[in-house]
Amino acid sequence: LLDAINQRGCYPVRIVGEQQRVETVNQVNAVHSGSPQAVELIAEVDLVTTAVGPQILAKIAGAIAQGLVKRQESGNTSPLNIIACENMVRGTSQLKQHVLAQLPENTQAWVAQHVGFVDSAV
């Protein structure tokens with residue numbers, strides 16, 4: 001799936017309501033959360049989304065925390081938003097707690113100023 005997304009550079013989202021429509025999300029990269037590339041990208045990008053399943057959020061928090069430490073150390077103060085696109089309520093809030101638990105105190109304060117954790121439900 002990751003290879004297919006990276007090959008296309010986009011993916012469709014089906015929006016269902018009274019009328020159904022398809023929107024295309026462009027300019028995307030998909031990376032495995034356990035890869036060194038994920039940590040590097042978190043230090044650089046402006047949006048991080050997950051689609052790993054609710055049970056996996058705690059397992060990916062370490063890579064996100066490492067990326068945030070690297071982002072702070074590199075001086076990148078551009079806003080970053082993180083959205084857990086999971087089949088659960090307040091998934092991003094749960095992910096945030098897992099991430100903060102793995103961060104040093106000074107980085108937690110930095111994250112509060114520069115990183116948004118946006119709840120969404122799928």
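Numbered as in the UniProt record's numbering, the sequence shown ends at 122 without a single skipped number.
A virtual CB, placed ideally from N, CA and C, is assigned to each residue, including glycine.
{"query": "heavy atom of the ligand SAM below 8 angstroms from Ala43 C-beta", "result": "This structure lacks the ligand SAM; in fact it carries no ligand of any kind."}
{"query": "Every unbroken beta strand (DSSP E) inside the UniProt domain \"Mannitol dehydrogenase N-terminal\" (2–122) [3 residues or more]", "result": "10–15, 21–26, 47–50, 80–84 and 115–118"}
{"query": "Neighbour-count burial assignment, Val69, 16 or more Cβ in a 10 Å radius", "result": "buried"}
{"query": "Same chain, Cβ closer than 6 angstroms to Asp2, five either side skipped, listed in chain order", "result": "Checking the sequence, you will find Leu at residue 2 rather than Asp. Counting only Cβ-Cβ distances below 6 angstroms, and skipping sequence neighbours, we find Ala30."}
{"query": "Rounded C-alpha distance that separates Asn87 from Gln27", "result": "24 angstroms"}
{"query": "Inter-residue spacing [alpha-carbon to alpha-carbon] between Ala109 and Lys96", "result": "13 angstroms"}
{"query": "Length of the line joining the Cα atoms of Ile42 and Arg71", "result": "7 angstroms"}
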